[in-house]
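In our numbering, the protein residues as written are 6 to 341. Every residue gets a Cβ at the ideal spot worked out from N, C-alpha and C, and that includes glycine.
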Amino acid sequence: MAQQKRLIACVLCFVVLCFSANRANSQSNNDLLNRISRLESEMSDLNRHLFSEKRAVESPSSQDGSKTTSKSLVVKSGRAVEFSSHQSAAAQNIIKLQRLEALVRSLQGVSEELNNRIDKLVSDLDRRLAVLETDAPFKDKAIARQQVESPNAIAVVSNAKEESKSGVLGYLPDPVNKKKTSNLGSTKVISSLSPQKVNKKASLLPAGTPSERYKHAFQYLRKRDYKKAEAALLEFINAHGDDPLAANANYWLGKTFYTRGLYDKAAEIFITGYEKYSTSPKTADSLLGLGFSLVRLKRPEDACLAFGQLLNEFPQLASSTKKKAVTESKRIGCKG
Numbered sequence: 006m007a008q009q010k011r012l013i014a015c016v017l018c019f020v021v022l023c024f025s026a027n028r029a030n031s032q033s034n035n036d037l038l039n040r041i042s043r044l045e046s047e048m049s050d051l052n053r054h055l056f057s058e059k060r061a062v063e064s065p066s067s068q069d070g071s072k073t074t075s076k077s078l079v080v081k082s083g084r085a086v087e088f089s090s091h092q093s094a095a096a097q098n099i100i101k102l103q104r105l106e107a108l109v110r111s112l113q114g115v116s117e118e119l120n121n122r123i124d125k126l127v128s129d130l131d132r133r134l135a136v137l138e139t140d141a142p143f144k145d146k147a148i149a150r151q152q153v154e155s156p157n158a159i160a161v162v163s164n165a166k167e168e169s170k171s172g173v174l175g176y177l178p179d180p181v182n183k184k185k186t187s188n189l190g191s192t193k194v195i196s197s198l199s200p201q202k203v204n205k206k207a208s209l210l211p212a213g214t215p216s217e218r219y220k221h222a223f224q225y226l227r228k229r230d231y232k233k234a235e236a237a238l239l240e241f242i243n244a245h246g247d248d249p250l251a252a253n254a255n256y257w258l259g260k261t262f263y264t265r266g267l268y269d270k271a272a273e274i275f276i277t278g279y280e281k282y283s284t285s286p287k288t289a290d291s292l293l294g295l296g297f298s299l300v301r302l303k304r305p306e307d308a309c310l311a312f313g314q315l316l317n318e319f320p321q322l323a324s325s326t327k328k329k330a331v332t333e334s335k336r337i338g339c340k341g
């Protein structure tokens, strides 16, 4: 009986022990499953978080379609670290700087082009002024004349030598001189020119001061309308023969003939300017014009006398005028 009780007690203990072990094992299994479930849930949440952050980085940050530098994310010590937005601002500043540099280069190109055009205009103006002042033949009548004679630049010169002019120059050979002449020694001098015969019915000059009327007459010369320039300058000389501008008008009148190849008439006008307006600064220019006109008339010896008279009588001659006279004298073989 006692053995049976012991056996029953052992069985009961074994059952209790088994039941307790099963219960403990069940509890442990449940805890493990719960922990695994929580880990899976956390992993899923982490994956969703990373996916959403990746989409935010790849999507454009502005609605106007302009591309901007997106913020970068890195994982460090299990946490997302966001870079500063200064990189985006720096990139935008670089783009603006590049645009400004391109604009500056464009403006420099425009400036260089304008400078080139100005240089060409200045060069063209210098060429036209040189053509106007030179006494070489003007075969191309399309060359524009741009120089305007300034009435304010006139000064009175009182050291001209009338005896030298009458005795040495102031002449034209017989084949050239078809006007009335008077003998002074062995030289035939044109005693008077008759440009004062002006058609009063067709006045080209407006009312005004001599300076205003002279400028108006000179406009025809600038426009290369040499016939009207001739008539207007003759009208001015006839109306204002005593005005200091008359010497200028006479000189440009001679140029209108010279330009058209009427060298005999040009020579006559230049002689008048040399004799009649001896105290004018245009006296030397008239003498130079006479020399070139005689060259075109194939009178080299007479032209040499004109150039020699010019160089001797006007020691303070402008360098440009002196150079023209010396160069042409050498070209035609003048002696001395």
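Query	Result
Nearest-angstrom Cβ-Cβ length linking W257 and F297, presumed shorter than 8 angstroms	That belief does not hold up - the Cβ atoms of W257 and F297 are roughly 15 angstroms apart, past 8 angstroms.
Classification of D290 by the beta-carbon crowding that lies within 10 angstroms, buried from 16 upward	buried
Boundaries of the alpha helix (DSSP H) in which A244 is found, first to last residue	231-244
Residue of Y279, K281, I337 minimising C-alpha distance to P305	I337
Q314 - containing alpha helix (DSSP H), residue span	305-318
Local Cβ density within 10 Å of S334, reported as buried at 16 or more and exposed below that	buried
The segment 241-248 contacting the segment 262-274, beta-carbon criterion three pairs below 8 angstroms	no
Spatial distance of A237 from K303 (CA atoms)	30 angstroms
For Q321, the three-state DSSP class (helix, strand or coil)	coil
K281 (DSSP reduced to helix, strand or coil)	helix
Coarse secondary structure for T264, derived from DSSP in three states	helix
P211, buried or exposed, once every other Cβ within 10 Å from all chains shown has been counted against 16	exposed
Where A212 falls: helix, strand or coil (DSSP)	coil
Contact check, Y219 vs A252, beta carbons under 7 angstroms	no
Range covered by the alpha helix (DSSP H) that runs through K287	287-301
Among Q321, L292, P320, F319, the one whose alpha carbon lies nearest that of D307	L292
Reduced DSSP secondary structure (H/G/I, E/B, other) of K228	coil
Nearest to C309 (by Cα), restricted to the options Y279, P320, K340	K340
7 angstroms Cβ cutoff met for L295 and F312	no
Per-residue DSSP class, three states only, for D269	helix
Cα-Cα separation between T326 and T284, rounded to whole angstroms	18 angstroms
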